[in-house]
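Here's the structure, in C-alpha cells; my notes come after.
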Amino acid sequence: MKRSRLQFVVIGALLLLLVPALAACGSGGNSSSGPKVKVGLVTDTGGLNDKGFNHLAYVGLQNAMHDFSNVVGSVKESKSDADYIPNLQGFASQGYNLVIAVGFLMAQAVATVAKQYPNVHFAIIDSTPSDANGNSLTLPNVEPLLFHEQEAGALVGVIAGMLEKGGTTKLKKNTISAVGGVSIPPVDKYIAGYKWAAQMEDPGVNVLVGYSQDFSDPTKCKAVANSQIGLGSDIVFQVAGGCGLGALQAADTAGVYSIGVDTDQKADAQNVIASAVKRVEVATYLAIKDVVNGHFQGANEPAFTLQNGGVGFAPGNITLSSDITAEVTKVENAIKAGTLTPPTQRSW
Amino acid sequence: MSTTAPETPQAMTGDEGTIAIEMRNIRKAWPGVVANDNVSFTVQKGEIHALVGENGAGKSTLMNVLYGLLRPDAGEIYVNGKLAHISGPRDAIALGIGMVHQHFMLIPPLTVGENITLGREPVYNVDVFDTAKANANIRELSAQYGLAIDPSTRTSDLPVGLQQRVEILKVLYRGADILILDEPTGVLTPQETDDLFVVLRGLVKRGKTIIFITHKLREVLEISDNVTVLRRGKVVGHLVTKETNQEEIARMMVGRDVLLRVEKPPAKPGEPLLRVEHLNVTSEQGIPAVRDLSLEVRSGEILGIAGVEGNGQSELVEALAGTRQVVSGHIQIGDAAITNIGARKIRSAGMAHIPEDRRESGLVLNYSIADNLIFGHQRDDTFTWKGIMLRLQTIREWAERLIKQFDIRTPSPDIAARALSGGNQQKVVVARELSSKPKVLLAAQPTRGVDIGAIEFIHRQLVAERDSGAAILLVSAELDEVRSLSDRIAVMYEGRIVSFEPADATEERLGLLMTGGGQKQEHASA
Amino acid sequence: MQLIGQILHLLITPALWQTTLESGVLLLLPALGGVISERSGVVNIAMEGMMLTGAFAAVAVAEVTGNPWISTLVAIAAGGLMAVIHAVVSIRFRADQIISGVAINIFAFGITAFLNSKITNFQGFNPVKPSAQLPYLHIPILDKIPFFGPIFFDQNIIVYVGLFLLVAVQFMLFRTRLGLRIRAVGEHPQAADTAGINVYSIRYGSVIASGLLSGLAGAFLAIGITNVFNDGMTDGRGYIALAAMIFGKWTPIGSFVACLIFGLGTSIVANNSTLNVSRDLLSMLPYILTLVVLAGLVGKSIPPAADGQPYTPGSE
Amino acid sequence: MAAPQAPTKPAKPGETSMPVIWAKQLGRLIGAPIGSVIFAFIIGAIIVLITGGDPIQAYQGLFCGGIGLFCTGDLYSSITPALEISSTIVFATPLIFTGLAVALPFRAGLFNIGAQGQLTMGAIAAAAVGIHYASWPGFILLPAVLIVGTLAGAAWGGIVGVLKAFTGAHEVVTTIMLNYIAAFFLYYLLRGGPMQLAGQPEISANVGAGAQLPHFLNGNGQLFGQPIGVYQAHTGILIAFAVAVLFYILLKRTALGYEIRAVGQNQRAARYAGISVKRTLIITMLIAGAFAGLAGGVEIAGLSHQLTIRYATDSTGFDAIAVALLGANAAIGIILAAFLFAALRVAGPVMQGNANVSQNLVDIIQAVILFSIAANFLRTFKIRLPALRQTPPGEDAPMVATTVTELEDTEPSEPAEVGDTA
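Chains as they are written, first to last, in the working numbering: chain V, 958 to 1305; chain F, 593 to 1118; chain D, 33 to 348; chain E, 838 to 1259.
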C-alpha cells in the first residue's frame, strides 16, 4: 500500500513535469527512396545542443537529409570520452556509409576505428586523425574537415584593431581580449589570427587571452570575460562554443563589444559587432554530398578557407564605419590572394 | 498493615470537587506482557501522590496512558470528575495535565525562555518571537511559584536540576493543574532533590496536584501524601503515607509471590579473581556514577549487586568490561591489571560479560545465531586461521554444540538472532559468554525479559559456572534473583556500596538499604 | 615576490569581487534552502537536482512567454515539486534521506536532459532573449563609486534578492516563532511534538522551502547569470552549496561566508590571467580549504541533533 | 518511557522448515530489486509514451543494444549483438569495482560517494607508472600499474576513513570534496600539466605495451562480420570477478569482514565485543578506496591505455551507488546490477541512434530504480540505520532510516519473523 502511494506520487510528479513536453513533441524523418546513404554523427561530450560545432554539424546533416532524399542520418551523443570509440564503432559496424566525428578531441578515436573499418568513410571536424603519440595520420577513408580559423579570426581582428585605434570604444584602455575554451588548435588558430590582425591595425593594442577550460558552461566564460573587461577590454572575442555565450552576455552587461564565433551570433547578444564564422554545417554537408555523389576525397579534402568560403565573417548588430569595412575587405582580399598569411600558432 | 483495597470508583458526582484524576480499570498489554492489568488509580486534588513500584511494574505505562502517549486497551479516565478522551499530549495539556518526562523534553541549544514557551510562543508583528514578553511571562511565573531561573540562558548550559525546573515551568506555563513527574529525582543530586521537594510543596500550596513516580522509598515518605504501589502491572496497595513505613512499602513493592528457588550447593570460595579498588566512573552526562567503589569477587563465588536501577550499576559493569573509561581506581583480574586497557584485552584476560541489554549491546540481531555465538571471539585461534579466515565448519559445529548444550530453541544455527524469542536470544548471549571459560563473569540483568523456563535454565548455568571456579559478579534489579543466586550481596546506592550482606539477608533489610535507608544518612555530601 | 605583487593586484580588481559575489549568491540560495531543510531535521543533498529542474523550467518557460518573472516563478515551483518528492519519500516513507537525494539528482538530470532533447528535437533551446533575462541593475551614481560601485551596485537583481533572503532567513530562523519551531523539530522532534507542534507539517514545509530556493537559484543560473540551458548545467553547485552549509555550521550567515569562499575560488580562477598559476590547481583550493575546515582544524561542525532521523510519533 | 520487552513466541522446531525460511529470505532479498527494475521500466515506458515515442521500439533498442537480444526489424537488424555484449562487458568492469567500493562502506554504515575520486586517483597513478616505465616488461609493469592504482585509490579512500574516525567529519561531504580535488588534479595534469600529450590537451601518452591487459579476442580477422579489434572486452572483467569473490570472502569468511558487518549493524554491540570501531571504519575505507583505485588501474590497462579526462567526467563512481543498492550490497548482486547498468549505458546510444529516443531515458530509469529501493531500503536489506527505541506494538514496524553514519545506533524493534510463518 505504501508502495502504491509512492508510485502515485512519482507518476504524478512526472506527469506535471511532462506537461510542457506534450506541446512540443513531434516526429521527424521522411522516408527516402533510392540507394540509402546512412550517415552517422558522433558528437563529442558537448552534446548535440551545445550551441557550438556539434549543433552546426547536426544542422549540416539535417540539411543534407533535406536535400538528398536517400540520406538517412543518425546521431550518437558521447557522455564521456570513453564513448567515442564505441559510438564510432556502433555506426561503422552497422554498415553506415559515412561516420562523422565532431571535434578535435576525437582524433585518436577516429584513427583507431577507421583502421578497423577501412571500407567505411569517416569524416572528422577540426582535425586529422592522429596516432597514440599525437602525430597526425593520413588515412584514405578519413576526410579531415579542417578550417583556416586564423583567417576568420583575422577579419574580426581587423575590426577590433580598427575600433580600438579609432578610440570610440567605451573603456579606452587600448585593450581587447579573447575567451578561449580549451587550448586546442582550432581555438588557438582563431585567436592567433585575431591577435595578429588587431596588432597589425593598432600596434599598441593589448590583447588579453584567457581560457575557461570548458566548452559548455557559460558561467565560466562569463567570469573570464568579466575579468578581461575589468582589465579594460573593450572587445571580447568568444572562442568557446556554448560556454562563450556567457562571454557575449558579460559584454552586454558591461556595455562593451563582443565578437561571436563559428556561426552568426548577432541574435545571441546585443553588442555583437561581428562573428568569425566557420561553416561546420557546410563542411558536414559537403562531406555527405561527396559520399552521396561518390566523390569522397579522403585525406585529399582541401581545407575550408576564406578563399573557398569555408570561413568568413558575419556582420553584427552595430553598424561599422565605412573605413573599417573597407579595411576588412582589403585584408580579406589579401588573404584570399595569399599576400597576407595569418599565423596559426599561439604566441601568448 | 493499613492497606486499603483499591477503591471502587464512587459516583463521579459525589467526588467532583475533590478528585483530580481517576483512572478506572486500565488495561494495556503488549504481546506476551501485560503492562497494566485492570489498574484503578485515584488522585485527590491538591495532594502529592506517589506511584511506586519496581522497574517494569507498569508505572510509566500508566502515566503515559494518562498523558496520551499510549492508548489503553480498556478502561476509562476521568479528569476532575469528567470522562476524558485523551488521544495525544495535546488533549492532556488541554485538560490541564502536564508531564515532566524522565528524559527531559528540552531542546538543548534553545534558551530557557524558548523552551518554556515552545508551542505557545508570544509573538508580535505576525510571527516575530517576542523574547521580552516571553521572558517577562516566565519571570512572573518564576516569582509566582518560587522557581528562580534566567529565561535567557541556553538550556544546555544549565545543570540537570535547573533543567528539571525548566520542565516544570514548561508544564506550568501551559496552565497545568495536575503535574506528573516521572522519576524526577533519578538524575538529581541529594541537594537538588531537596530543592525539588521544596518546589513541589510550594506547588501544592498553590493548589496544584502532583503525581510523583519513584522507587526511592525515602522520598516517598518525605514528600507524598498517599502512595499507590504497583507490582507486575497490578495495583497491590494503596497507602496513606503518614500511616506506613519504608519496610511496608518495600515489602509490597518487591513482593514475594514468585520466589525463585535455585538449587545450589554451598559455595567454596577460592582466590580472589576480580579485585576493584577505589573505582570512580562518570555517567554519560559527566556526573559521578560510581564513587570510590571497592570490591572483590573470589573464585567459586557469586557476588550479587542489589540496588535500584540507576545507582551506578550499569556504569560499574561497563567500566569493568572496558567499554567505559575509568576515571580513577584500579581493576585487576587475578594478578593482571586491566584498568582502561580496552574491551578486547580485558576479554582476553579472562573476563566475560553478559550485557544488560542484549538487543543493544549483546547481539547483532541480523547476524545468525552461529555468528552471534562467536561475537567477540571472532579472532580467536579456535575460530580463525591466523586471525584472518573464519573457520566456518568449526564455527558451525561450535554453534550446534552450544545450541544443544544451552537448549537454544531454533531450527538452525543460520537463523538470524532477530527471529528468536527473548529467552532464546538471552541464551545465545549466555552460551557465548560462558563458553569462553572465563575467570570472571559479569552478568548484568541476565534474565531480564525472559520467560520462566529460560530464567531457571540460565540460573542453573550460572551456578554451574560458579562451581567450576569462575568468579561471578551478578547485577540484577530483581531482588529475588540476587537473593537466590548470590553467595554474598553488595548493596549499591548512589554509586557506592553501602553494605555487604550475607546471602540470607532479609528482603526488608535489603530493600531498606537499596532505597537509602538502614544506614547513616550521608545526605549533605554532594 | 613577483607572485605576491600579482596577488595584490588581483585582490584590488573589482571584477574579482563582482564575480565572487555573484557566484556566492548563486550558491547561497540553495545553501539557504539546505539550512532550512536540515534545521528541521531532513538531510537534503538534492539541491543539485532541484536547481537543475529550476534552470530547465526557467529556460523552457522563457522561450514560450519571453517573460523573466513568469519563468522565475515557474522555476521556483519546479524546484518545489522536486522537493515534494524528496519530502514524501523521506518523511512519509522514512527512506534514507541521502539515497533519496541522490536519486532526485539523477532523476532531475535525466528528466531535464530527456525533455530538452524531446522538446527541441535535440537542438537545445535558443539563448534566452535579453528581454526574457533577469536584469542586471546598474544603480545610478552609486555604481560609479570606485572599486565598490561595480561590486555592490552593478549586479543581477537576484543578487539583491539573495542578500535580502539571507537576512530574511537568518531572521526567520532565529527571531520568529516559525524559526523556533523549525529548530525545535530538527533538534528534538519528540519534545516539539509534546509541546503541541506538528512535526510533519514543519518538515514538509521546510523541505519544500529548500526546493523553492533551489529553483530560484536555477532560474538565476539559467536566465540571469547565463541565458541558456545545458544538460547538467548546475555542474555540482548543489553539492557545493551543501558543503557550504555544513562549513557554515547550518546558519545562513555562516553559509554565506562559505559560499563567498567558493565564489572567490571560482572568481580567482576566472581572473587569474594576471597570475601565473594553473587554473586547475587554483580550482582545487576551495575544496581543500573545506576539507581542512571539516577536519576540525577550525572547529567542529555539529548538525541539528535529529538531522537525518525520520520521526515516528510515540517513540522516544 | 519504560521500554516494555516484547517477547516473541519461541520458535518451535519443525513449525517452519529451513527451506521455507530460505525461500522467504531469498524472496525478500531479490524481490525488491527486481520489483524496482520492473517499476522503473514501466515509468520509463510511460514517459516515452506521453512524449510521443514508441516504448516498444525504445525497449527493443535497450535489449538489443545492451545484451544483443531482439536485434530484429528495420531499426535494429543491422546491430551486431556480439559487439553490444562486448561493450556491455567493457562498461560493466569498472562498475563492478566501484559498486563494491560503495557496498563495502555501506556494510560498515558509511556512505561512500567518493568512488569517483578514488577511481580518478587510481587511474592517474596507474597511468603515471605505465607511461614513465613504459619500457618495462609486462610481467613487472602490469602488476605494478594495477598495484599502484590500487594503492592510490586506497590512500584517497583512507583520508575519508581517518577524517570520519578521528574528527567525525561527515563522509558525504569529505568524499564530495575529494572528488573535486581529484578531478581538478587530473585536469591540471592533462591541460598543460606534466602528463599532457604534446599538442593534445585532455589526453596523455599511451602506457607501455607491457602495461596493457589482453583483450579476450585478438587478431586481425573478422568475427560476426566485424573486425576482431572492435571487440574491446578485456580481461579486466576477470579481475573484477576475482575482486567480487574477494569481497564475498572478506565479508563472509574473514574475521575482518565479520567485524565490518558488526560495526555496520550495531556499533554499540561491536564495542562491547572488543571491536575498535575507528580502526574498522578506516580499514573499510582503505579497502573501498583500493577497489575503486583498481577500477582506475584496470581501465587504464585494459581499455583506454592512456589517461583522459573521462576519469573525472564520466559518472562511473556515481552509477556505482545505484549499482550497490540495486545489488543489495552483495557480490553477486553487484555483478548483476553492474551488467544491467552497463547494458543500459551501452544501449542508450543505440536506442537514440536507431529509434530517436533520447538516451537520457536511461538516467531516468536508474533514478526510479534508486527511489523505489530507497523507499523500501531498510526493510529489504536490513541495513540498519534506524534509531527507534520503541515501536508501539500493534502497528507494523515502521521503515525507519537515518543517515547511514550514526556512530551510536540501535536496532529497530521488529517483530520476530520465524513465528510469523506459522
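We treat Cβ as the ideally placed atom computed from N, Cα and C, and that holds for glycine. On a predicted model such as this, the values are computed, not experimentally measured, just so you know.
Can you tell me whether DSSP reads V996(V) as helix, strand or coil?
-> strand
Under 7 Å between the Cβ atoms of M114(D) and G250(D)?
-> no
Can you find a C-beta in chain E that's less than 7 Å from the C-beta of P947(F)?
-> yes
Could you pull the start and end residues of the alpha helix (DSSP H) that F141(D) belongs to?
-> Q129 to T152
Below-7 Å beta-carbon distance, A216(D) vs any chain F residue = yes
Can you give the Cα-Cα distance for V1144(V) and A1260(V), rounded to whole angstroms?
-> 16 Å
Any Cβ of chain D within less than 7 Å of the Cβ of A978(V)?
-> For A978(V), the predicted structure reports a pLDDT of 41, less than 50, and the residue's modelled location is therefore unreliable. A value from the coordinates is still provided. By this cut-off, A978(V) is an interface position.
Paired residues, beta bridge with P1101(V) - DSSP = I1081(V)
Does DSSP classify M697(F) as helix, strand or coil?
-> coil
Please go through the same chain and pick out, in chain order, the residues whose beta-carbon is closer than 7 Å to the beta-carbon of G1014(F), but skip the five residues on each side of it.
-> G1041 and V1042
Please decide whether Y1085(E) counts as near chain F, where near means a Cβ-Cβ distance under 7 Å.
-> no
Chain E within 7 Å of T152(D), Cβ atoms only = no
At a Cβ cut of 8 Å, what residues of the segment 1190-1203 of chain V count as close to chain D, listed as they run along the chain?
-> G1199, L1202 and G1203
Along the chain, which unbroken stretches of the alpha helix (DSSP H) at least 4 residues long are found entirely within the segment 1100-1157 of chain E?
-> 1104-1109, 1114-1136 and 1147-1150
Proximity test, S816(F) beta-carbon vs the ligand GDP heavy atom, cut-off 6 Å = What this structure holds is no ligand at all, so the ligand GDP is not there to describe.
P1038(F) - DSSP class collapsed to helix/strand/coil | coil
According to a CB-to-CB cut-off of less than 7 Å, which residues of the segment 968-989 of chain F neighbour chain E?
-> G968, Q970, R971, T976, G979, I980, M981, L982 and L984
Given that T283(D) touches chain V, what residues does it touch there, using C-beta distances under 9 Å?
-> Near T283(D) there are no residues of chain V at all, since even the closest Cβ is about 26 Å away, more than 9 Å.
Own chain residues within Cβ distance below 8 Å of L314(D), not counting five before or after | G297, I300, V301, N304 and L307
Considering only C-alpha positions, which residue in the set G1130(E), A1138(E), M1188(E) and N1191(E) is nearest to P1051(E)?
-> A1138(E)
If you measure from the beta carbon of S347(D) to each beta carbon in chain F, is any gap under 7 Å?
-> With a pLDDT of only 43 at S347(D), under 50, the local geometry of the prediction cannot be trusted, and the value read off the model is given with reservation. Judged by the 7 Å Cβ criterion, S347(D) is not in contact with chain F.
Closest Cα partner of G905(E) within the set A992(E), T957(E), V1187(E) and A1035(E) = V1187(E)
When burial is assigned at 16 or more other CB atoms within 10 Å of the CB, is L687(F) buried or exposed?
-> buried
Going along chain E in order, which residues have a C-beta closer than 9 Å to the C-beta of N1044(V)?
-> P1186 and G1190
Applying the criterion that 16 or more other CB atoms from any shown protein chain within 10 Å of the CB defines a buried residue, is G1266(V) buried or exposed?
-> exposed
Of the choices M316(D), A337(D), L210(D) and G194(D), whose alpha-carbon is the least far from that of P284(D)?
-> G194(D)
Using the beta-carbon of each residue, which ones in chain E are nearer than 7 Å to Q1073(V)?
-> P1064, G1066 and V1067
Return yes when the Cβ of V982(E) is within less than 7 Å of the Cβ of A963(E), no when it is not.
-> yes
Residue range of the unbroken alpha helix (DSSP H) whose run includes S242(D) = V231 to F252
Should R916(F) go down as buried or exposed, given a rule of 16 or more other Cβ atoms within 10 Å for buried?
-> buried
Look at Q1203(E) and G1185(E) and say whether their C-beta atoms are less than 7 Å apart.
-> no
Please list the partners that L1062(V) has in chain E, where partner means a Cβ-to-Cβ separation under 7 Å.
-> E1039
Assigned secondary structure, W551(F) (DSSP; H/G/I helix, E/B strand, else coil) = The requested residue 551(F) is not part of the displayed model; chain F covers only 593 to 1118.
Go ahead and label N987(V) buried or exposed: buried means 16 or more other beta carbons lie within 10 angstroms of its beta carbon, across all protein chains shown.
-> For N987(V), the predicted model reports a pLDDT of 39, less than 50, meaning its position is unreliable; a value from the coordinates is still stated below. Classification of N987(V): exposed, given that the 10 Å Cβ count is below 16.
Taking one C-beta from the segment 1137-1154 of chain E and one from the segment 1083-1100 of chain E each time, how about it: are there three or more such pairs within less than 8 Å?
-> no
Look up V900(F) in the DSSP assignment and say whether it is helix, strand or coil.
-> coil
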